[in-house]
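Novice:
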Amino acid sequence: MEFQLGEELLAMRDLARKFSEKEIAPTVEADEKEHRFRPELVRKMAEQGFFGGVIPEEYGGTGVGMLATLVMCEEVARVSPSYGLPFNMQTIGPALTLLRFGTEEQKKKYIPGLVSAEKMGCFAITEPNSGSDVAAMRMTAVDKGDHYVLNGTKTWISNAQVADVGLVYAYTDREKKHKGMTCFFVELKGAPGMSSTAIETKLGLHCAPTGELIFDEARVPKSTVVGQVGDGFKICMAQLDNTRICCAARAVGVAQAALDASVKYANERDAFGQKISDFQMIQEQIAEMAVEIEAARLLVHRAAWLIDKGEKPTKDISMAKYFAAETAVKAAGNAVKIYGSYGFSSEYPVERLYRDSKSFQIVEGTSNIQKLIISGFALGKRK
Ligand SMILES: Cc1cc2nc3c(=O)[nH]c(=O)nc-3n(C[C@H](O)[C@H](O)[C@H](O)COP(=O)(O)OP(=O)(O)OC[C@H]3O[C@@H](n4cnc5c(N)ncnc54)[C@H](O)[C@@H]3O)c2cc1C
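Using our numbering, the letters of the sequence shown correspond one by one to residues 972 to 1354.
1. What's the gap between the Cα of residue 1024 and the Cα of residue 1166?
2. Quick one: using the 10 Å Cβ neighbour count with 16 as the cut-off for buried, is residue 991 buried or exposed?
3. Measuring alpha carbon to alpha carbon, tell me which residue in 1329, 1170, 1278 and 1203 is nearest residue 1039.
4. How close, in whole Å, do the beta carbons of residue 1090 and residue 1136 come, if the pair is a contact with beta carbons under 8 angstroms?
5. Just how far apart, CA to CA, sit residue 1083 and residue 1026?
6. Can you give the Cα-Cα distance for residue 1049 and residue 1219, rounded to whole angstroms?
7. Let me check you understand the geometry: is the CB of residue 1055 closer than 7 angstroms to at least one non-hydrogen atom of ligand 1?
8. Under a Cβ-count criterion, where at least 16 other Cβ atoms within 10 Å of its own Cβ denotes burial, should residue 1271 be classed as buried or exposed?
9. Report all residues for which the CB-ligand distance to some heavy atom of ligand 1 is below 5 angstroms; order them along the chain.
10. Taking 8 angstroms as the threshold (C-beta atoms), are residue 1214 and residue 1345 in contact?
11. Taking 8 angstroms as the threshold (C-beta atoms), are residue 1179 and residue 926 in contact?
12. Please report how far the alpha carbon of residue 1266 lies from the alpha carbon of residue 1297, in whole angstroms.
13. So who's on the other strand from residue 1129, going by DSSP bridges?
14. Mind reading off the beta-carbon distance from residue 1195 to residue 1225? Whole number of angstroms is fine, and I expect it under 8 angstroms.
15. By the three-class DSSP mapping on this structure, what secondary structure does residue 937 have?
16. In terms of residues, what are the limits of the beta strand (DSSP E) holding residue 1154?
17. On the three-state DSSP scale, how would you describe residue 1138?
18. Give a yes or no on whether the C-beta atoms belonging to residue 1070 and residue 1079 are separated by under 8 angstroms.
19. What span of residues does the alpha helix (DSSP H) with residue 1114 cover, start to end?
20. Taking DSSP as the reference, what is the three-state secondary structure of residue 1123?
21. Report all residues from its chain with a CB closer than 6 angstroms to the CB of residue 1020; omit the five preceding and five following residues, and keep chain order.
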């Protein structure tokens, strides 16, 4: 058993850390305030090889694996959780799903462009009336002989308004329930019957575009089907396993940023004639953050390592996602407390970390949904 990152992984972590501090940090606070997304930054991330880790070389990737990718993703999210999202939107969501379930033609046509970020990606599951209950979605795809017609609205879709391509889930046969759902890989930009609107009312992640995708009698060729007709639910669950663990890595990054900021501030701020870091209650908060972050990171690394071994560690992924999300929210909350009134100010970074951290308890399956999955395994109801 090896509990240390090897030299290669450490080099990738340092590369991502330096890149984030040099390229993302200088503009992130101003961009967050102005809700500005920089696609050129995503392309620069691609040039560093950030998105190719889960993709083999024949499709433009590096094949270094999920663990290496998440080690880099954590570093990016430490500086900006908004820019941690493209790891999912480019490859861990759409490209990796195509790699596993797509045709050779789909893989060759779309994966390299997602790795290089020449094409922006997304995945569209959630609808206005269905989030956790994926099978309750209403979107339909009707077989018209040589094409399908898509009708429905997807909401809270990361990258909705900037994505060129993406995975879209819809019912081809509602009567068959889960087995009547199909996954499509669709070209979104400028396609007739497809449009998008931005969601401008978010609590956080202001550098990350989020919006609605509207499909109104949208014709898509039959070649857009991913896997078999009726495999959509199965594909969606497989996709969520991968995107979920990436979310967990981003949560660890945010928790670490909250700890780093807290340590710095606690060692600078004076109260009652001493540094606040000399107070035992502050020390307790710092200690809890340090332990929980370490535990969350180990859970993320273990689940990623199992993925790299070719296993399907759904339980381990849910454990990592649940614990990392809760750790991020608690760590960011502690940071706000340690900063006192400055923690309540948008002049300091911890307020943003607190807002951004809440997303981890919601996206890729809420904390309640993770607990349902974990307890299902613990109670022997799931295998
Ligand atoms: C910033 C952001 C980005 C997102 N990006 C994407 C994206 O790219 N693609 C995409 O498809 N979606 C995306 N989403 C949507 C996200 O995946 C959903 O919001 C999430 O799955 C929860 O669904 P919901 O909001 O409909 O909540 P609901 O499912 O309505 O849940 C409401 C509450 O009920 C609880 N609940 C529901 N069912 C149960 C149950 N069985 N047991 C116990 N409690 C339960 C939930 O935990 C939650 O607390 C994004 C959301 C956000 C906030």
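Just so it is clear, CB atoms sit at the ideal spot from N, CA and C, and this is done for glycine as well.
Specialist: Once the coordinates are examined:
1. Position 53 of the sequence shown, counting from 1, holds the residue named residue 1024. Position 195 of the sequence shown, counting from 1, holds the residue named residue 1166. Rounded to whole angstroms, residue 1024 to residue 1166 spans 31 angstroms at the Cα level.
2. In the sequence shown, residue 991 corresponds to position 20, counting from 1. So residue 991 counts as buried.
3. Residue numbering aside, residue 1039 sits at position 68 when the sequence shown is read from its first letter. For the residues 1329, 1170, 1278 and 1203, the minimum Cα distance to residue 1039 belongs to 1278.
4. Within the sequence shown, residue 1090 is the residue found at index 119, counting from 1. Within the sequence shown, residue 1136 is the residue found at index 165, counting from 1. Rounded, the Cβ-Cβ distance is 5 angstroms, consistent with contact.
5. Within the sequence shown, residue 1083 is the residue found at index 112, counting from 1. Within the sequence shown, residue 1026 is the residue found at index 55, counting from 1. As the crow flies, the alpha-carbon of residue 1083 is around 9 angstroms from that of residue 1026.
6. Counted from its first residue, the sequence shown places residue 1049 at position 78. Counted from its first residue, the sequence shown places residue 1219 at position 248. Roughly 12 angstroms between the two C-alpha positions.
7. For the purposes of this step, residue 1055 is taken as residue 84 along the sequence shown, with counting starting at 1. The answer is no for residue 1055.
8. Start at 1 with the first residue of the sequence shown, and residue 1271 comes out as number 300. With 16 or more other Cβ atoms within 10 Å, it is buried.
9. 1096, 1097, 1102, 1103, 1127, 1128, 1129, 1330, 1333, 1334, 1337 and 1339
10. Locating residue 1345 in the sequence shown gives position 374, counting from the first residue. Locating residue 1214 in the sequence shown gives position 243, counting from the first residue. The answer is no: Cβ separation not under 8 angstroms.
11. No statement about residue 926 is possible, as the shown extent of the chain runs from 972 to 1354 and does not include it.
12. Here residue 1266 refers to the residue found at position 295 of the sequence shown. Here residue 1297 refers to the residue found at position 326 of the sequence shown. Near 12 angstroms, if we compare the C-alpha coordinates of residue 1297 and residue 1266.
13. The residue you call residue 1129 lines up with position 158 of the sequence shown. For residue 1129, which the question treats as bridged, DSSP gives the partners 1181.
14. If you number the sequence shown from 1, residue 1195 lands on position 224. If you number the sequence shown from 1, residue 1225 lands on position 254. Going by Cβ atoms, the distance from residue 1195 to residue 1225 rounds to 35 angstroms, so no, they are not a contact pair.
15. Lying before the first or after the last residue shown, residue 937 is absent from the chain, which here runs from 972 to 1354.
16. Taking the first residue of the sequence shown as position 1, residue 1154 is located at position 183. Counting along the chain, the beta strand (DSSP E) containing residue 1154 begins and ends at 1152-1158.
17. By one-based count along the sequence shown, residue 1138 stands at place 167. Strand, per DSSP.
18. Here residue 1070 corresponds to residue number 99 of the sequence shown, with the count starting at 1. Here residue 1079 corresponds to residue number 108 of the sequence shown, with the count starting at 1. Their beta carbons are not under 8 angstroms apart, which means residue 1070 does not touch residue 1079 by this criterion.
19. Within the sequence shown, numbered from 1, the residue matching residue 1114 stands at position 143. First-last for residue 1114: 1111-1114, but that is the beta strand (DSSP E), not the alpha helix (DSSP H).
20. Looking up residue 1123 in the sequence shown gives position 152. Of the three classes helix, strand and coil, the one that applies to residue 1123 here is strand, per DSSP.
21. On the sequence shown, residue 1020 is found 49 positions in, with the first residue counted as 1. Hits under 6 angstroms: 1033.
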